[in-house]
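Engineer: After the structure tokens below, expect a handful of questions from me.
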């Protein structure tokens, strides 16, 4: 493990348009699963070799949460989502890059621009590889979702010692009637239960951000207290 660089940026907030956001970054080369676990437990997220977390001095709206897998019970409606998707097949493997990945990634983000006003920039093979393929080492995976022979969803995850860290999920909006976003999370929970993992690290919950507010529905969950440094204990309540 080698921290190549650490720095902070101050930009417009990714989650609350009326605010600015200060973000701390660590670029880590050859990261071990143990060090990745320590960072994720302390509120960092990973894209490629880059680990980051918000460190705004006058705002703490970004709450790191993790689902309590051991005590999560599927509701009747959640079971119906799983049953409805019985014809969808999934495969887990190391992160990869193909033309189908890039086409699906762009299709999803064009859809989200129309639906939720997301910014959109066409993705390149280089940028996709940097964010979702590079830096996975022995703990990063992708779960590919297929309807017949068509790729309709890609779920990027890290399998840590005590849980699964959700990185990113994108899908074909033509198949949104299968509730693919919820399906991917339910399958993460099932995978964690079958693998004796206790947590799903779900990233940031921001109450006033519509794109993230849904996370509060997946109970029970714990919330990280404050912003612990690596030498400090991570307290989740």
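Residue numbers (the working numbering): 10 to 246.
Glycine included, every Cβ here is placed at the ideal spot set by N, Cα and C.
1. For residue 87, does the three-state DSSP call read helix, strand or coil?
2. Note the first and the last residue of the continuous alpha helix (DSSP H) segment covering residue 198.
3. Short of 6 Å in beta carbon distance, which residues of its chain neighbour residue 182, apart from the five on each side in sequence? Order them along the chain.
4. Give the C-beta separation of residue 45 and residue 200 to the nearest angstrom, bearing in mind that I take them to be a contact with Cβ-Cβ under 8 Å.
5. Among the residues of its own chain, which have a CB less than 8 Å from the CB of residue 29, if the five just before and after it don't count?
6. Per DSSP, what kind of secondary structure is residue 53 in: helix, strand or coil?
7. Leaving out five residues before and five after residue 244 in sequence, what residues of the same chain have Cβ atoms less than 8 Å from its Cβ?
8. Is residue 33 helix, strand or coil by DSSP?
9. Just the C-alpha distance for residue 227 and residue 94, rounded to the nearest angstrom, thanks.
10. Which residue comes first and which comes last in the beta strand (DSSP E) that contains residue 14?
11. How far does the beta strand (DSSP E) with residue 219 in it extend, from its first residue to its last?
12. Return the chain-ordered list of same chain residues with a C-beta closer than 6 Å to the C-beta of residue 53, the five sequence neighbours on each side being excluded.
13. So, residue 156 versus residue 163, is the Cβ gap smaller than 9 Å?
14. Excluding the five sequence neighbours on either side, which residues of its own chain have a C-beta within less than 7 Å of the C-beta of residue 202, listed in chain order?
15. Just tell me which of 240, 166, 187 has its CA closest to the CA of residue 100.
16. Residue 206 by DSSP, collapsed to three states: which one?
17. Compare the beta carbon distance of residue 189 and residue 74 with 9 Å and say whether it is the shorter of the two.
Structural biologist: Let me spell this out:
1. DSSP places residue 87 in helix when its eight states are reduced to three.
2. That run of the alpha helix (DSSP H) goes 189 to 203.
3. Within the same chain, 120 come within 6 Å of residue 182 by CB-CB distance, once the 5 residues on both sides are set aside.
4. In fact, because the Cβ distance is near 18 Å, the residues do not count as touching under 8 Å.
5. Excluding sequence neighbours, residue 29 sits near 19, 20, 21, 22, 65.
6. In the structure shown, the three-state DSSP call for residue 53 is coil.
7. Once the five neighbours on either side are set aside, the close Cβ partners of residue 244 are 233, 234, 235, 237.
8. Three-state result, residue 33: strand.
9. So the two alpha carbons sit approximately 20 Å from each other.
10. That run of the beta strand (DSSP E) goes 11 to 21.
11. Premise fails: residue 219 lies in the alpha helix (DSSP H), 219 to 222, not in any beta strand (DSSP E).
12. Listed in chain order, the non-local C-beta contacts of residue 53 below 6 Å within the same chain comprise 60, 62, local neighbours out to five positions each way being set aside.
13. Not a contact, by the Cβ cut-off of 9 Å.
14. Same-chain partners within the cutoff: 78.
15. Comparing Cα-Cα distances from residue 100 to each of 240, 166, 187, the minimum goes to 166.
16. Reduced to three states, the DSSP call for residue 206 is coil.
17. The answer is no: Cβ separation not under 9 Å.
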